[in-house]
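**Q**
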Amino acid sequence: MIKALGYAAKHSFSRLRPFEFERQEAGPNEIEIEVQYCGVCHSDIHQVKNEWSNTVYPCVPGHEVVGRVTKAGSGVTRHVVGDLVGVGCMIESCRHCEPCHSGDQNYCEGPNSWLATYNGPMVPAKMAPDGRNMYERDNTFGGYSDTLVVNEDFALKIPAKLKPEVAAPILCAGVTTYSPMKHWGVKAGDKVGVIGFGGLGDMAAKLARAMGAEVTVFTRTKEKLEEAARLGVTGVLDSDADAMRSLKSSFDFMLSTIPEKHDLSPFIDLLKRDRTIVVVGALEPMAPVNNQQVAFHRKSVAGSLIGNLADTQEVLDFCAEHGIGPDIQVIAIQDINDAYRKVEKGDVRFRYVIDMATLRHEEAA
Ligand code: NDP
Ligand code: ZN
């Protein structure tokens with residue numbers, strides 16, 4: 069076993085604090101990673117606070133992880149010691165179901181679905197049809213820690229052109245917004261609407277723009293209109309009824325990143341006939357959609373979950389090639405509780421990334 073140090077929440081109402089634990093040594097097909105940076109996703113906050121009612125404590129969040137390979141098992145072929153690698157939301161899948169065979173590990177239909185980087189299997193063992201936990205792990209500890217041990221297939225290569233701290237949020241916020249845009253065929257000249265201008269929204273806007281789309285960001289925050297302009301995209305206050313009316317039936321694709329349940333109907337109105345609005349932000353029951361609004365112009369409301377491994381590598385390479393990445397604010401791990409508060413208030417621009425060296429210094433102190 070390896071001694072590890074991280075930051076964990078012990079209960080839904082507790083702050084994150086230093087936490088010592090053990091990880092298994094790297095097996096033949098696994099690598100050990102010294103974590104350098106970890107992005108702070110709003111999902112981390114939902115999980116820590118048990119907002120999805122499935123949190124296993126202690127909870128060590130973090131699924132936007134970048135670090136150096138420090139050990140490689142005897143069977144490892146994809147990475148060598150010293151490589152800069154990234155780990156996103158998944159660290160294993162069943163590998164036998166149809167989605168896994170098609171390369172869509174993120175839609176794994178195995179008894180426990182995929183194994184998340186933190187909080188264990190996506191479907192808790194007790195919910196699997198036979199009550200068996202195929203991963204033999206009830207909990208997993210994420211990237212708010214000094215080390216991580218993962219199967220080599222679930223580690224992505226960080227392109228040399230990307231700074232490690234900038235690459236980190238691409239592993240979740242990047243692929244979660246890239247994957248649906250790819251799936252629904254966003255292309256040059258399309259009009260794309262991004263709803264909610266936070267960590268995911270910032271990536272979505274930049275990716276869509278790099279794909280050649282004309283991008284509009286819908287925000288509830290006046291100050292973010294200028295920030296949209298700085299990015300070269302149009303900002304619209306979703307409370308501005310005149311602006312909303314003027315955009316009726318004009319979008320080829322829309323992506324909602326709002327982190328809680330919300331009314332989609334004002335946005336469905338803005339789609340062209342036959343087009344799709346994809347919800348990635350709210351993973352919970354939403355306000356009902358009036359099917360008349362959808363049926364009359366054959367529109368679709370869809371959802372999408374992170375992205376598969378191939379898309380994750382693709383979006384990292386795409387960002388390197390196009391010279392784009394998230395706007396980040398690097399923080400010390402000791403500031404994590406304050407950072408959570410700011411994310412919830414919408415104060416972050418646009419992603420906090422933890423410098424994990426601050427944790428190692430704490431260990432030494
Ligand atoms: P952020 O908090 O960084 O951004 C969300 C933005 O949505 C805010 O900045 C704000 O933008 C807007 N917003 C926040 N609260 C509300 C509200 N009550 N009503 C309207 N708008 C609101 O979060 P992230 O971008 O990190 O994550 C967004 C969501 O996506 C989270 O719920 C997360 O769990 C989920 N997620 C889903 C994934 C998936 O696979 N489907 C993967 C990763 C994350 P503004 O000020 O512009 O209004
Ligand atoms: Zn995330």
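The sequence shown lines up with residues 69 to 433 when you count with our numbering.
Ideal placement from N, C-alpha and C gives every residue a C-beta, glycine not left out.
Quantities reported herein were computed from a predicted structural model and do not represent experimental measurements.
1) Spell out whether any CB of chain C is found under 7 Å from the CB atom of I70.
2) Is it right to say E132 is buried, meaning 16 or more other beta carbons lie within 10 angstroms of its own, or is it exposed?
3) Examine the Cβ distances between the segment 182 to 200 and the segment 380 to 397 and report whether three or more of them are shorter than 8 Å.
4) Taking 5 Å as the limit, name every residue whose beta carbon sits nearer than that to some heavy atom of the ligand ZN, in sequence order.
5) With DSSP as the reference, identify every bridge partner of V262, one or two as the case may be.
6) When the Cα atoms are used, what is the spatial distance from K194 to N201?
7) Report the three-state DSSP secondary structure of L413 (helix, strand or coil).
8) State buried or exposed for V148, treating a residue as buried only when at least 16 other CB atoms are found within 10 Å of its CB.
9) Give the secondary structure of Y408 by DSSP, where H, G and I count as helix, E and B as strand, and everything else as coil.
10) S161: which of A235, Y408, D221 sits nearest, CA to CA?
11) Give the C-beta separation of L418 and G267 to the nearest angstrom, bearing in mind that I take them to be a contact with Cβ-Cβ under 8 Å.
12) Rounding to the nearest angstrom, what Cα-Cα distance links N207 and G242 in this structure?
13) Within this structure, are the beta carbons of S247 and D379 separated by less than 7 Å?
14) My parser needs the alpha helix (DSSP H) runs of 4 or more residues fully inside the segment 335 to 384; what are they?
15) Can you tell me which of the three DSSP states R298 falls into?
16) Three or more beta-carbon pairs under 8 Å between the segment 213 to 229 and the segment 278 to 290, yes or no?
17) Verify whether the separation of the beta carbon atoms of D395 and D270 is less than 7 Å.
18) Alpha carbon to alpha carbon, how far is A140 from E166? Give it in angstroms, no decimals.
19) If you reduce the DSSP assignment to three classes, tell me which class D423 lands in.
20) Figure out for me which residue from D308, Y75, G375, Y408 has the closest Cα to the Cα of D172.
21) Among the residues of its own chain, which have a CB less than 7 Å from the CB of I326, if the five just before and after it don't count?
22) Does DSSP put K225 in a helix, in a strand, or in coil?
23) Is P248 helix, strand or coil when you go by DSSP?
24) Compute the Euclidean distance between the alpha carbons of G252 and L315, then round it to the nearest angstrom.
25) Taking all protein chains shown into account, decide if Q104 is buried (16 or more other Cβ within 10 angstroms of its Cβ) or exposed.
**A** Answer, in terms of the structure:
1) The displayed structure is made up of one protein chain only, and chain C is not part of it.
2) buried
3) Using a Cβ-Cβ distance cut-off of 8 Å, the segment 182 to 200 and the segment 380 to 397 are not in contact, since fewer than three pairs of beta carbons, one from each stretch, lie closer than that value.
4) C109, S111, C240
5) V285, L323
6) 8 Å
7) Rather than Leu, the amino acid found at residue 413 in this sequence is Lys. Reduced to three states, the DSSP call for K413 is helix.
8) Exposed.
9) helix
10) Relative to the Cα of S161, the nearest Cα in the group A235, Y408, D221 belongs to D221.
11) Contrary to the premise, residue 418 reads as Phe rather than Leu in this sequence. About 5 Å separates the Cβ atoms of F418 and G267, confirming a contact at the 8 Å cut-off.
12) Distance between N207 and G242, taken at the CA atoms: about 25 Å.
13) Yes, these two residues count as a Cβ contact at 7 Å.
14) 359 to 363
15) Helix, per DSSP.
16) Contact between the segment 213 to 229 and the segment 278 to 290 is absent, because fewer than three Cβ pairs lie under 8 Å.
17) yes
18) Going from the Cα of E166 to the Cα of A140 covers about 29 Å.
19) Strand at D423.
20) G375
21) I263, G264, G349, A350
22) strand
23) helix
24) Residue identity check: residue 252 is Trp in the sequence provided, not Gly. Cα to Cα, the separation comes out at about 21 Å.
25) That one is buried.
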